[in-house]
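First comes the structure, then the notes that go with it.
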Amino acid sequence: MTSPTRPQRGESKWATKKTADVAPAPAIPPTPKTSSSNSPIDRFRASVEARDDAAACAALDEVATRARDAATRASLAREGAPVVLAAALAAVVEIEAPSAFASRSAYLLPLLRALRNCVAGEPVARGGACGASTGVHVLPNALRRLLPALATAAERATDENDDAVSELVVATQLACNCAVGGGADADLVWRAVFPDGVAAVAALRGPAARRAHPPLCMLAHARVMSGGRGREESGEEVGEEARDAVDDDDVVGFRAGRALWSPLLRAACDDAIGAGGGGGGEWLPRFVRAACTHGGERFPALCRSLPRGAADVAAARDDALRRKILALAVDGGGGAKITELPDETTTERFSLTQATLLALVHEEIGSSPPPPPRRDADADAAAPGSAEPPAPSPLSDGALAYLLDMTSRAAAAVHASASASTEVKAIPAANPDDDDDDQPAAAAAVLRESLKLVRRLTELEIRPSSMNTPHDVVTALAAMGLPRLLLGLTAALPPPMGAGNTSKARGPTAAPRLDPDVVGGPAALRDGHAPFPTARPWPGYRVDALAPLANAMFNRPGVCDQVVKLGGVPIILAATRGEDGEDFLREWALWATRNLCHGSEDARKEIESMQPEAAADSQELAAMGLNVSVDPATGKVRVKSIGKEGGAGERYDGVGTGGTGGGGSAAAAATTTTTATATTAGTALGPGELLMTPGGARTPAGRAVAAALMAGFDADQFKDAGDDDDDDVDVPAHWKVADLS
Numbered sequence: 001m002t003s004p005t006r007p008q009r010g011e012s013k014w015a016t017k018k019t020a021d022v023a024p025a026p027a028i029p030p031t032p033k034t035s036s037s038n039s040p041i042d043r044f045r046a047s048v049e050a051r052d053d054a055a056a057c058a059a060l061d062e063v064a065t066r067a068r069d070a071a072t073r074a075s076l077a078r079e080g081a082p083v084v085l086a087a088a089l090a091a092v093v094e095i096e097a098p099s100a101f102a103s104r105s106a107y108l109l110p111l112l113r114a115l116r117n118c119v120a121g122e123p124v125a126r127g128g129a130c131g132a133s134t135g136v137h138v139l140p141n142a143l144r145r146l147l148p149a150l151a152t153a154a155e156r157a158t159d160e161n162d163d164a165v166s167e168l169v170v171a172t173q174l175a176c177n178c179a180v181g182g183g184a185d186a187d188l189v190w191r192a193v194f195p196d197g198v199a200a201v202a203a204l205r206g207p208a209a210r211r212a213h214p215p216l217c218m219l220a221h222a223r224v225m226s227g228g229r230g231r232e233e234s235g236e237e238v239g240e241e242a243r244d245a246v247d248d249d250d251v252v253g254f255r256a257g258r259a260l261w262s263p264l265l266r267a268a269c270d271d272a273i274g275a276g277g278g279g280g281g282e283w284l285p286r287f288v289r290a291a292c293t294h295g296g297e298r299f300p301a302l303c304r305s306l307p308r309g310a311a312d313v314a315a316a317r318d319d320a321l322r323r324k325i326l327a328l329a330v331d332g333g334g335g336a337k338i339t340e341l342p343d344e345t346t347t348e349r350f351s352l353t354q355a356t357l358l359a360l361v362h363e364e365i366g367s368s369p370p371p372p373p374r375r376d377a378d379a380d381a382a383a384p385g386s387a388e389p390p391a392p393s394p395l396s397d398g399a400l401a402y403l404l405d406m407t408s409r410a411a412a413a414v415h416a417s418a419s420a421s422t423e424v425k426a427i428p429a430a431n432p433d434d435d436d437d438d439q440p441a442a443a444a445a446v447l448r449e450s451l452k453l454v455r456r457l458t459e460l461e462i463r464p465s466s467m468n469t470p471h472d473v474v475t476a477l478a479a480m481g482l483p484r485l486l487l488g489l490t491a492a493l494p495p496p497m498g499a500g501n502t503s504k505a506r507g508p509t510a511a512p513r514l515d516p517d518v519v520g521g522p523a524a525l526r527d528g529h530a531p532f533p534t535a536r537p538w539p540g541y542r543v544d545a546l547a548p549l550a551n552a553m554f555n556r557p558g559v560c561d562q563v564v565k566l567g568g569v570p571i572i573l574a575a576t577r578g579e580d581g582e583d584f585l586r587e588w589a590l591w592a593t594r595n596l597c598h599g600s601e602d603a604r605k606e607i608e609s610m611q612p613e614a615a616a617d618s619q620e621l622a623a624m625g626l627n628v629s630v631d632p633a634t635g636k637v638r639v640k641s642i643g644k645e646g647g648a649g650e651r652y653d654g655v656g657t658g659g660t661g662g663g664g665s666a667a668a669a670a671t672t673t674t675t676a677t678a679t680t681a682g683t684a685l686g687p688g689e690l691l692m693t694p695g696g697a698r699t700p701a702g703r704a705v706a707a708a709l710m711a712g713f714d715a716d717q718f719k720d721a722g723d724d725d726d727d728d729v730d731v732p733a734h735w736k737v738a739d740l741s
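Below is the structure:
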């Protein structure tokens, strides 16, 4: 029995006009003779001819259920079921019969499900449905019109379980199944849905985005895993010049960045939909892992395609580079003035989506272990004496170089935006509907995430056999200029002011200010790049720049020597005083100093050659009864005991009751362990014998000697001093002057 003709829910999607007449049934290819007359495909064809939508839906549901089994799916492919279903889908979207949708739309969802299941993992089914070998591209042409129309209908849905949303999700999954495995069929489907179809799905927000974005990322992931566009897939003849990936219809490029990835990354940052699958859900990190990390080389192309007007800026920069090369060639390198394009044309813009991508790369590198290397392909790359080949680098060499370059350019943009004399001008975008990020905030976000990613790379555990080899990611970064970049970021800042009370003290108790000319590094660190920020863009910026450098120097003498040659020793030592707002800056500076001295003999000699010039006044020194002065001519340190009320001739009765220097109570004596030196009441003790334990002095003079011992002095110098402790003392070679304030 046929169902009465009535307007269907999806009529507004396709019908261009309403007709009172019932349109004839679309032509569907006959089922091959090898199939059984009772097969669900035959029943579907008969139901379509009889206009029985209920029976057609039942037959399609049976096909979808049976196609879940791999053996049955292969049997359906041999029977030609995908060809029949693809032709039916073409009829539904009015490719052949424009007025037939009103009577066919009732079974669109089960038809998509059946076709999706039939082509899953079946090259024969994909070939029959896509028609790459026959030239009849039935399914790609159907998807070309289907995805934008379904996205328009799903945008109006208020419930993510609405049929319009389900149809869009299944249609996207169908395109994904066709793209898995690559080949000519996958290339046909991708070119059919890109960029219009994927752009319409990526632009969705609300309930539809939570369900439609994950399969869209699955489609992009399948495209990346299959290798994307190949010469044999694109139909290019041998010898024909291949097109640049960033200018082509690739899954990563300027067109893809504008149509696909910028909307998806913005949706991933939206708390309203990002947590439920908006932006791609779990498939977005999977795509980032496949495309950008552990062998993926698409990170630079993807990242530079995200800002607004990126294609125009890239074209302008290429033109400027050609002008430079041409001028140098004509002038012969004689120093002719090179004409530059206007700054606003070549000024690179930054986007918050770039910061989101950097955060995703950081998460993937930190959370997922690298894939096991293939022994057959990497056996020749194995380190000598190692049983296994080295682990693959988390980022390719091109990605590492781009990361350092982007960090430098983002730092320059932050400084430029903070300067009153520099204005970052906007570049007109091709699509005015795109959101335009605030440039100072976007540049700061990109700089912060870039430094975090660099720090994460320096924290990776490297096999000892791979360390200091080309397989060491830190060694590769150092060869590309990582120490120079990080030292330049740190040297551009004013010297640290100290932490806590040290930075707030005034008068004689205030810590001396460091000379920027001494601790700011050589002027060469400021050459070769645009100026870096001279003020902290955020609290902790100094730590973000110093921590990767400290990690990079661990067990890497080459990196340490590079830091010494760049004049980084004073910069690192200056950071040991700490600074308010820079948590653990002192600890990171000490870690850097330790690694630097361990890996470089020149660094140790440079530190040892530093002569003390003055001793910082401090209330702590006065409370200890100690006054330290430095002869600026000789560098000798003079230690005095000030305000002593018994001094070295003070007597101690053994139980804490004698002497007037204080600190000799019985309770204090009970908590202190005596040394091997025997003491008796009425015996005069020398300054070197006033310590019960290290740090357990009982008199001001004893505390003075304790401080001297901790600084590296030999207490035997004071045994015969008596009351006169004003003698000059030579500084031992291993003694270091610390800021005791």
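Numbered per full-length UniProt numbering, the sequence shown spans residues 1 to 741. Quick reminder that beta carbons are idealized off the backbone N, C-alpha and C, glycines included.
Residue range of the unbroken alpha helix (DSSP H) whose run includes residue i
{"i": "N551", "result": "541-552"}
{"i": "V518", "result": "516-519"}
{"i": "V198", "result": "196-202"}
{"i": "A87", "result": "81-92"}
{"i": "D270", "result": "Here D270 belongs to no alpha helix (DSSP H), and DSSP marks it neither H nor E."}
{"i": "P40", "result": "40-49"}
{"i": "A443", "result": "439-458"}
{"i": "Y107", "result": "First-last for Y107: undefined, no H or E at that position."}
{"i": "L260", "result": "Counting along the chain, L260 falls outside any alpha helix (DSSP H), and DSSP gives it neither H nor E."}
{"i": "G558", "result": "557-565"}
{"i": "H598", "result": "585-599"}
{"i": "I365", "result": "352-367"}
{"i": "W283", "result": "283-292"}
{"i": "S166", "result": "163-179"}
Best match in the options for proximity to residue i [C-alpha to C-alpha]
{"i": "R210", "options": "N141, V169, R191, G181", "result": "V169"}
{"i": "R586", "options": "C597, L573, N595", "result": "L573"}
{"i": "V83", "options": "A132, I325, F532, A55", "result": "A132"}
{"i": "P214", "options": "V193, A268, A320, V92", "result": "A268"}
{"i": "A603", "options": "C57, P516, G567", "result": "G567"}
{"i": "G227", "options": "A129, P516, A186, T172", "result": "A186"}
{"i": "P207", "options": "R223, V165, L174, G183", "result": "V165"}
{"i": "A114", "options": "E348, A413, R68, L400", "result": "R68"}
{"i": "R349", "options": "A175, A441, G253", "result": "A441"}
{"i": "L111", "options": "A151, P285, R45", "result": "R45"}
{"i": "N595", "options": "F554, L326, E606", "result": "F554"}
Delimiting residues of the beta strand (DSSP E) encompassing residue i
{"i": "V628", "result": "626-630"}
{"i": "S641", "result": "637-641"}
Burial state of residue i, where buried means 16 or more other Cβ atoms lie within 10 Å
{"i": "S419", "result": "exposed"}
{"i": "T293", "result": "buried"}
{"i": "L260", "result": "buried"}
{"i": "L60", "result": "buried"}
{"i": "M624", "result": "buried"}
{"i": "L329", "result": "For the sequence presented, residue 329 should be read as Ala rather than Leu. The residue in question, A329, is exposed, as its Cβ has fewer than 16 Cβ neighbours within 10 Å."}
{"i": "L188", "result": "buried"}
{"i": "N161", "result": "exposed"}
{"i": "G277", "result": "buried"}
{"i": "G80", "result": "buried"}
{"i": "V288", "result": "buried"}
{"i": "G253", "result": "buried"}
{"i": "E423", "result": "Caution applies to E423, whose pLDDT of 44 falls short of 50 and renders its modelled position unreliable; the value that the coordinates give is listed next. By the neighbour-count rule (16 or more Cβ atoms within 10 Å), E423 is not buried but exposed."}
Residue(s) in a DSSP beta bridge with residue i
{"i": "E579", "result": "G498"}
Proximity test, Cβ basis, 9 Å: residue i and chain B
{"i": "R409", "result": "No chain B appears in this structure, which consists of one protein chain only."}
Legend entry - Touching by the beta-carbon criterion (3+ pairs, under 8 Å), the stretch 554-569 and the stretch 475-485: yes
Inset, instruction - Report yes or no: do the stretch 146-164 and the stretch 196-213 share at least 3 C-beta pairs separated by less than 8 Å? - result: yes
Legend entry - Validate contact between the stretch 213-228 and the stretch 167-181 using beta carbons, cut 8 Å, 3 pairs: yes
Legend entry - Inter-stretch contact at 8 Å, needing at least 3 Cβ pairs: the stretch 484-498 / the stretch 391-402: no
Inset, instruction - Decide yes or no for the touch test of the stretch 288-303 against the stretch 350-358: beta carbon pairs closer than 8 Å, at least 3 of them. - result: yes
Legend entry - the stretch 444-460 in contact with the stretch 399-407 per 3-pair CB rule at 8 Å: With contact defined as three or more Cβ pairs closer than 8 Å, the stretch 444-460 and the stretch 399-407 are in contact.
Inset, instruction - Specify whether the stretch 450-462 and the stretch 525-536 touch according to this definition: at least 3 beta carbon pairs, one from each stretch, less than 8 Å apart. - result: no
Legend entry - Three or more C-beta pairs below 8 Å linking the stretch 69-79 and the stretch 112-128: yes
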